[in-house]
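Peer 1: Our numbering applies: residue 131 is where the sequence shown begins, and numbers increase by one. I have a structure here, written as structure tokens, and I will follow up with some questions on it.
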Amino acid sequence: MDARQSRANTLAEITKAAIDKTSGLSSRSKFLSAQFPPDSISRRTFVRATFASVGALALGKLQLPDAQAARGGGSRTVTRYPLHVPPVYSPTNGYPVKAAPAIVNMGSDQLPLPSSVLAYNGLMPGPTFLAASGTTASINFTNGLVDESTIHWHGMIVPTPADGHPRDAIAPGGSYAYQFPIIQRACLNWYHPHPDMLTGEQVCLGLAGAFIVRDSEEAALGLPSGAYEIPLIVRDANLDSAGNLAYNPTTTGFDGKIPLVNGTRNPKLDVDTALYRFRVLNGANARLFRLSLSNGAPFVLIGNDGGLLEQAAPVGQIEIGPAERLDLLVDFRGQSIGAKVILRDLNAGWDLLEFDVARVVTDTHTIPTTLSTISKLANPVSTRTFKFEGMSKINGQVYDLNRIDFQVPFGQTERWIFTTGHNAPHPVHVHGASFQVQSRTGGRGVVFPWERGWKDTVLLEDGETVEVLIRFDGYRGLYLIHCHKLEHEDMGMMSNFEVI
Ligand code: C2O
Ligand code: CU
Ligand code: CU
């Protein structure tokens, strides 16, 4: 039996063992009391998760000498693995989604890099959901984790019972039917857990997926589609000594040593000489990425969190914080076979993804300049200020699940001012409505091209104040505003409000 075959067998055995053990997981508290001293701080994750890996948490450590070797630590040439692209499904008819421990392959079939993670339906990232505006999503969630969880549909405007609010946490072994009409324009959203104080750990250990909404305005543009439209979920990660995903945050946020794109290590993508549409999500807990292309070509920026911008814009570098999205066109026409273009993160100096130009095709797409019409919010009737302080407070208060901090009248435009002294970045996120960024003062001092149009998350750096206009015209009910640096969120930089 050759090495390749034995690796494949090992992977199959581990997967089976993982599935067997998943059904008989011991309770979290038992595990915790064995591993950690009694809590001294009240917010639970921080305490417990000074070092948690799924392997340790749920499955027992994997011993994978082959996989260690395959990871190529220390070798000079980087082994590149084909970029994983999650399968696409329609979120209808109670589509089943189960969150549970799983073994995934961060490498390739030929050279597997097995890792114990938490996954939706065994996939990391989870399946990509694709739905048309005007239809209804219906997803049956089962919690196969040892902790409570929810699914939050980040960016989707949904009724409170479908928002995955931490108050509506599903116990281990429980299930819940998420149902909501899709009442918004075409965009890239995403889904992830949102349980109180456990979001950072569950997301970091693998629970996240893309949710794409289509509409006729977008369809009329004839943008690249099929194999030419690819989601890129970019994040950082840490591995324990056995190669399993590990969650070892600090109060300043989780800081991973390696990047993953769609759960792939050192990914490459064979591309045609064609125009591509990349749907980018910063899926990191805390890290900012400054994206650029190694050949100096600009991205053509066409959209962000809330869908298409009014006009396409060439942009050389784009910095995005956790939970922000980008819709980018990259043109490989005119490249020759064998050319390599690298998607880089200039902040960490990482090569995130290598594009290998592999096939000549004829592509007659034109890049549209006018994309969309965006009705501007104006004339706010009231103003609220939110100060993101320290690492755990908004306006002086730590999150309390049962406290409602303010009420917002339905259908009324308001000016919300987000401000901070330090401990940034604070990517500020609001549930229940999208907003339009008006200004940034202090710090970087400008509104960037990727912050135009509709947003649901905006980055606050030290010393910055950002003003947005917002109007809740979807639903009345309970929603959240929070810092999407997930460690800040879990420590309490979050607030409940009610749309009335
Ligand atoms: Cu992506 Cu309230 O979160
Ligand atoms: Cu959200
Ligand atoms: Cu923060």
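Quick reminder that beta carbons are idealized off the backbone N, C-alpha and C, glycines included.
1. Can you name the start and end residues of the beta strand (DSSP E) that Glu519 belongs to?
2. Can you list, in chain order, the residues of its chain with a C-beta nearer than 7 Å to that of Gly264? Leave out the 5 residues immediately preceding and following it.
3. Nearest-angstrom Cα distance between Ala186 and Tyr529?
4. Measure from the alpha carbon of Ala232 to the alpha carbon of each residue in Ala372, Ser246, Thr403, Asp603, then state which is nearest.
5. Quick one: grab the DSSP three-state call for Leu155.
6. Under 6 Å from any heavy atom of ligand 1, does the C-beta of His556 make it?
7. So is Glu617 in contact with chain C if we call contact Cβ pairs under 7 Å?
8. When you compare only the Cα positions, how much space is there between Pro510 and Glu591?
9. Can you tell me where the alpha helix (DSSP H) with His559 in it begins and where it stops?
10. Could you tell me which whole alpha helix (DSSP H) segments of length 4 or greater appear in the segment 276–315?
11. DSSP has Gln568 in a bridge; who is on the other side?
12. Just curious, the beta strand (DSSP E) that Ser401 is in, first and last residue?
13. Comparing C-alpha positions only, which one of Gly607, Pro557, Val577 sits nearest to Ala563?
14. Hey, out of Ile432, Glu449, Val471, Lys506, whose CA is closest to Thr500's CA?
15. His618 lies in the alpha helix (DSSP H); which residues open and close that run?
16. With burial defined as no fewer than 16 other Cβ atoms inside 10 Å of the residue's Cβ, what is the status of Thr180: buried or exposed?
17. Pick from Gly437, Pro397, Gly373, Thr258: whose alpha carbon is nearest that of Lys585?
18. Can you determine whether any heavy atom of ligand 3 sits closer than 6 Å to the C-beta of Met623, and answer yes or no?
19. Report whether the distance from the Cβ of His561 to the nearest heavy atom of ligand 5 is below 6 Å.
20. Would you list the one or two residues that DSSP bridges to Val234?
21. Give the DSSP-derived three-state secondary structure of Phe529 in the structure shown.
22. Which residue's Cα is closest to the Cα of Thr515: Glu544, Met521, Ile497?
23. Beta-carbon separation of Thr394 and Val491 under 7 Å?
24. Between the alpha carbons of Gln527 and Met521, how many angstroms are there, rounded?
25. Indicate the three-state DSSP secondary structure (helix, strand or coil) for Trp580 in the structure shown.
26. Once you ignore the five residues that flank Pro257 on each side, which residues in its own chain have a CB closer than 8 Å to its CB?
27. Less than 7 Å separating the beta-carbons of Val487 and Val567?
28. Closest by CA to Val288, which one among Arg570, Gln542, Tyr377, Leu610?
Peer 2: Per the coordinate set shown:
1. 512–519
2. Ile312
3. Note that Ala186 scores a pLDDT of 48, beneath 50, so its modelled location is shaky; the value from the coordinates is reported in the next line. Rounded to the nearest angstrom, the two C-alpha atoms are 29 Å apart.
4. Ser246
5. Low confidence applies here, because Leu155 scores a pLDDT of 29, under 50, leaving its location unreliable; read the following figure in that light. In the structure shown, Leu155 sits in coil (DSSP, three-state: anything other than H, G, I, E or B).
6. no
7. The question asks about chain C, but that chain is absent: this structure has only one protein chain.
8. 25 Å
9. Premise fails: His559 lies in the beta strand (DSSP E), 556–560, not in any alpha helix (DSSP H).
10. none
11. Answer is none; Gln568 lacks a bridge partner.
12. Here residue 401 turns out to be Val, not Ser, going by the sequence shown. First-last of the beta strand (DSSP E) with Val401: 397–402.
13. Gly607
14. Ile432
15. 616–621
16. Residue placement at Thr180 is flagged as unreliable, the pLDDT there being 42, under the threshold of 50; the coordinate-derived value follows with that caveat. Exposed.
17. Gly437
18. yes
19. Among the ligands present in this structure, namely ligand 1, ligand 2 and ligand 3, ligand 5 is not found.
20. Ser245
21. In the sequence as presented, Phe is not what sits at residue 529; that position holds Tyr. In the structure shown, Tyr529 sits in coil (DSSP, three-state: anything other than H, G, I, E or B).
22. Glu544
23. no
24. 11 Å
25. helix
26. Pro216, Pro217, Val218, Tyr219, Val227, Tyr250, Asn251, Gly339
27. no
28. Leu610
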